[in-house]
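Report on the structure given below.
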Amino acid sequence: MFKEIPKSDIITRPMKVYKEWSLDENDVYPIFGENPNSTLIDIESDEKSQGFVKKVIYESIKSQFYTNPATASILTEVGKRKSYASSDERILRDDIAVFSIPQKYYGEGIKVGTLTLEDEQSGKLYTDDGYSNILDSGSNIAGNIFYDRGLVVLTRDIVSGSILSQFTLNYRSTTTIYENEIFVSVLESEFNVSQNPTAVYEDGGSRKLQIIQRPGSTKVGDLVTSSFYDSGIRWIKGHKHPFQSSLNPAKFASFDEYDYSSSLDPTGSYLAPFITTIGLYDDNLDMVAVAKLPQPIKCLPDYPLNFIVRFDT
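Its first residue numbered 2, the sequence shown is counted upward by one per residue in our numbering.
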């Protein structure tokens, strides 16, 4: 038994979810950069960090995230700001350390205000203030975090090779999931006919003969006679097939006469089905979800039933 669900009864709600992460030097590593101080960059001879030229790293970070403070605005800068008039929130010194967290570890972005970085070698602890600033234990701005890029840039007291060889990076990643809510209504006249074979009878069914090609034969005209059963129309047993009431042998009723049958034998005269499972199908009638009820619900013709199915995608 199928029923089409109107689109107005289907609601999809986006919902942000977060996952806690704890990374160390085995999961991600800092890349150090240094200010070229207007000197030419030599890819072959310049000092490298993790295979990347330090001067190139510095210039790349500077051009993307550290624009002229006099022209900074919400339209031109990446990340949040307490104040775009501030002159100390985006300070890029001559040496920087960059953590580029792989996207599989941060999803759609790092949750604002959740990041902490502990340098176990120096004992320093850095925290995220929620405005793209990384603060040290003295509440000094020691760098910046760009949440949707998974980038952490430390710009204060950075000495390549002497810090951040052992560290712990804690934060929460962000992912959007969707809660699907489907309203399924069962009216009084729907889904209340028993499918029990003892409660139905068939009208017009018969066995018929047909001539077919002999199975496995490739010879043209090698025919055999085969029989098949041509099913008729199935009906719920009604007045043509009455049954006797167990309460009053003089009374007869049928499965499709609920008012009369239930008054004679409310415990079993009317074979109302119980709903235990709701299957959801796509336009091609392929099952895409199954909802199991915690207990069977009897479907009677007295009143409608409403079900709400929820699942996340």
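In this text, a Cβ means the ideal position worked out from N, Cα and C, and glycines have one as well.
* Residues near Asp-25 in its chain [Cβ-Cβ closer than 6 Å; skip 5 each side] -> In the sequence shown, the residue the question calls residue 25 occupies position 24. Excluding positions up to five away in sequence, the list reads Thr-169.
* Determine the DSSP secondary structure at Lys-4, reduced to helix, strand or coil. => Here residue 4 refers to the residue found at position 3 when the sequence shown is read from its first residue. Three-state result, Lys-4: coil.
* By a C-beta neighbour count over all protein chains shown, 10 Å radius and 16 as the cutoff for buried, is Arg-208 buried or exposed? -> Mapped onto the sequence shown, residue 208 falls at position 207. Classification of Arg-208: exposed, given that the 10 Å Cβ count is below 16.
* Of the choices Tyr-304, Thr-177, Ile-159, whose alpha-carbon is the least far from that of Asp-96? -> Here residue 96 is taken as the residue at index 95 of the sequence shown, counted from 1. The shortest C-alpha separation from Asp-96 is found at Ile-159.
* Asked: Where does Glu-182 land, buried or exposed, given buried means 16+ other C-beta within 10 angstroms?
  -> Position 181 of the sequence shown, counted from the first residue, corresponds to residue 182. Looking at its Cβ environment, which holds fewer than 16 other Cβ atoms inside 10 Å, Glu-182 is exposed.
* **For Val-113, the first and last residue of its enclosing beta strand (DSSP E)** => Sequence index remark: in the sequence shown, residue 113 carries index 112 (1-based). Premise fails: Val-113 is in no beta strand (DSSP E) and is neither H nor E.
* Beta-carbon proximity check, Thr-1 vs Pro-305, cutoff 8 Å -> The requested residue 1 is not part of the displayed model; the chain covers only 2 to 314.
* Closest by C-alpha distance to Glu-35, when choosing among Val-29, Val-99, Glu-90 -> Counting from 1 along the sequence shown, the entry for residue 35 is found at position 34. It is Val-99.
* Quick one: what does DSSP say Val-221 is sitting in, helix, strand or coil? -> In the sequence shown, the residue the question calls residue 221 occupies position 220. Val-221: coil per DSSP, three-state reduction.
* Asked: What first and last residue would you give for the beta strand (DSSP E) that runs through Glu-21?
  -> Residue 21 sits at position 20 when you count from the first residue of the sequence shown. Segment 11 to 25, the beta strand (DSSP E) holding Glu-21.
* Asked: From which residue to which residue does the beta strand (DSSP E) around Ser-88 run?
  -> In the sequence shown, residue 88 corresponds to position 87, counting from 1. Careful: Ser-88 lies outside any beta strand (DSSP E) and carries neither H nor E.
* Check whether the Cβ atoms of Arg-150 and Glu-21 lie closer than 8 Å to each other. => Within the sequence shown, numbered from 1, the residue matching residue 150 stands at position 149. Within the sequence shown, numbered from 1, the residue matching residue 21 stands at position 20. No.
* Sort Ile-146, Val-310, Pro-15 by Cα distance to Lys-112 and report the nearest one. => Here residue 112 corresponds to residue number 111 of the sequence shown, with the count starting at 1. Minimum Cα distance to Lys-112 is reached at Ile-146.
* Asked: On the three-state DSSP scale, how would you describe Ile-62?
  -> As a first step, residue 62 is located in the sequence shown; it is residue number 61 there, counting from the start. Three-state result, Ile-62: helix.
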